[in-house]
Ligand SMILES: Cc1cc2nc3c(=O)[nH]c(=O)nc-3n(C[C@H](O)[C@H](O)[C@H](O)COP(=O)(O)O)c2cc1C
């Protein structure tokens, strides 16, 4: 077991208090996301995962769109809490949008009918793996990030605003930035109840 690998695994946490600075350059951020997209596995090596990195004003725009969308549907008395949460994401340096290309999924379903029902599931799982790789790689560089799901509410406007391909389905949003407050202690359920070794 590689010690360094598990140090990285343990070092990744959900970080909600983030700022508009980054310990690494935009080029390094781009490189991390590119490497993660290239080397994360996908079912049938279909390479269905897509990522969009929003920085600066484009990042701000995403969280403004999210706030305006939610303002229309969240009851007024609850919106203050939602608005605060969204502001904390907007306070970050950037956001990675994780997509899965549905044209790829459809193609697989047509070509391998036996597994047709599984391809959307495997596509989601592939996206989860990619999200995890980016999240952990960011943490290794000192970038704090969290995982958010305002899809499908924001999908249409985000697609239009950022010129996203029609076939790309939004799966998750990952706001990131310098860490303002480290995460608290995490509680763990007994590992003996969660892992069984049978021999
Ligand atoms: C599939 C998945 C979906 C998640 N969705 C959200 C989310 O919508 N909003 C959020 O704040 N955190 C979300 N999280 C983060 C979890 O709440 C978090 O990982 C968990 O509480 C453990 O904390 P840690 O990330 O600090 O280890 C999600 C995590 C996973 C794996």
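Residue numbers (UniProt numbering): 1 to 199.
Every residue gets a Cβ at the ideal spot worked out from N, C-alpha and C, and that includes glycine.
Confirm, please, whether the CB-CB distance from residue 119 to residue 108 is below 8 Å. Translated into positions along the chain shown, residue 108 becomes position 108. Translated into positions along the chain shown, residue 119 becomes position 119. With contacts defined as CB atoms closer than 8 Å, residue 108 and residue 119 qualify as a contacting pair.
Run of the alpha helix (DSSP H) containing residue 30, from where it starts to where it stops: Along the chain shown, one-based indexing puts residue 30 at 30. 26-39 is the span of the alpha helix (DSSP H), which, as asked, contains residue 30.
Span of the alpha helix (DSSP H) around residue 169: For this step, residue 169 is matched to residue 169 along the chain shown. For residue 169, there is no enclosing alpha helix (DSSP H); the enclosing beta strand (DSSP E) covers residues 168-179.
For residue 97 versus residue 51, is the C-beta distance shorter than 8 Å? Translated into positions along the chain shown, residue 97 becomes position 97. Translated into positions along the chain shown, residue 51 becomes position 51. In this structure, residue 51 lies closer than 8 Å to residue 97 by Cβ.
When the Cα atoms are used, what is the spatial distance from residue 5 to residue 136? Indexing the chain shown from 1 puts residue 5 at position 5. Indexing the chain shown from 1 puts residue 136 at position 136. Roughly 10 Å between the two C-alpha positions.
Measure the alpha-carbon distance for residue 46 versus residue 76 and round it to whole angstroms. In the chain shown, counting from the first residue as 1, residue 46 sits at position 46. In the chain shown, counting from the first residue as 1, residue 76 sits at position 76. Straight-line Cα distance between these residues: approximately 44 Å.
Would you identify the three-state DSSP class for residue 202, choosing helix, strand or coil? Beyond the ends of the chain as shown, which are 1 and 199, falls residue 202; an answer cannot be given.
Figure out for me which residue from 192, 173, 143, 170 has the closest Cα to the Cα of residue 181. Locating residue 181 in the chain shown gives position 181, where the first residue counts as 1. The residue with the shortest Cα to Cα distance from residue 181 is 143.
Nearest to residue 212 (by Cα), restricted to the options 65, 94, 38, 164: Residue coverage of the chain in this structure runs from 1 to 199, which leaves residue 212 outside it and unanswerable.
Do residue 127 and residue 172 have their C-beta atoms within less than 8 Å of each other? Taking the first residue of the chain shown as 1, we reach residue 127 at position 127. Taking the first residue of the chain shown as 1, we reach residue 172 at position 172. Yes, the pair counts as a contact, with Cβ atoms nearer than the cut-off.
Cβ atoms of residue 36 and residue 105: under 8 Å apart, would you say? As a first step, residue 105 must be located in the chain shown, where it is residue number 105. As a first step, residue 36 must be located in the chain shown, where it is residue number 36. Cβ distance not < 8 Å, so residue 105 and residue 36 don't count as in contact.
Pull up the distance between the alpha-carbon of residue 55 and that of residue 192, whole angstroms please. As a position in the chain shown, residue 55 is number 55, starting the count at 1. As a position in the chain shown, residue 192 is number 192, starting the count at 1. One C-alpha to the other measures close to 43 Å.
Please list the terminal residues of the continuous beta strand (DSSP E) segment that includes residue 126. Numbered from its first residue, the chain shown carries residue 126 at position 126. Looking at the DSSP string, residue 126 is not in any beta strand (DSSP E); the run it does join, the alpha helix (DSSP H), is 118-140.
Kindly indicate which residue of 24, 74, 190 has the alpha-carbon position closest to the one of residue 179. Your numbering for residue 179 matches position 179 in the chain shown. For the residues 24, 74, 190, the minimum Cα distance to residue 179 belongs to 24.
Distance, residue 154 Cα to residue 82 Cα: For this step, residue 82 is matched to residue 82 along the chain shown. For this step, residue 154 is matched to residue 154 along the chain shown. Cα to Cα, residue 82 sits roughly 15 Å from residue 154.
Just the Cα atoms here: how many angstroms apart are residue 84 and residue 64? What you label residue 84 is simply residue 84 of the chain shown in a count that begins at 1. What you label residue 64 is simply residue 64 of the chain shown in a count that begins at 1. So the alpha carbons of these two residues sit roughly 12 Å apart.
Using the C-alpha atoms, what's the distance from residue 15 back to residue 146? Along the chain shown, read from residue 1 onward, the residue named residue 146 stands at position 146. Along the chain shown, read from residue 1 onward, the residue named residue 15 stands at position 15. Annotation: residue 146 to residue 15 spans about 5 Å, alpha carbon to alpha carbon.
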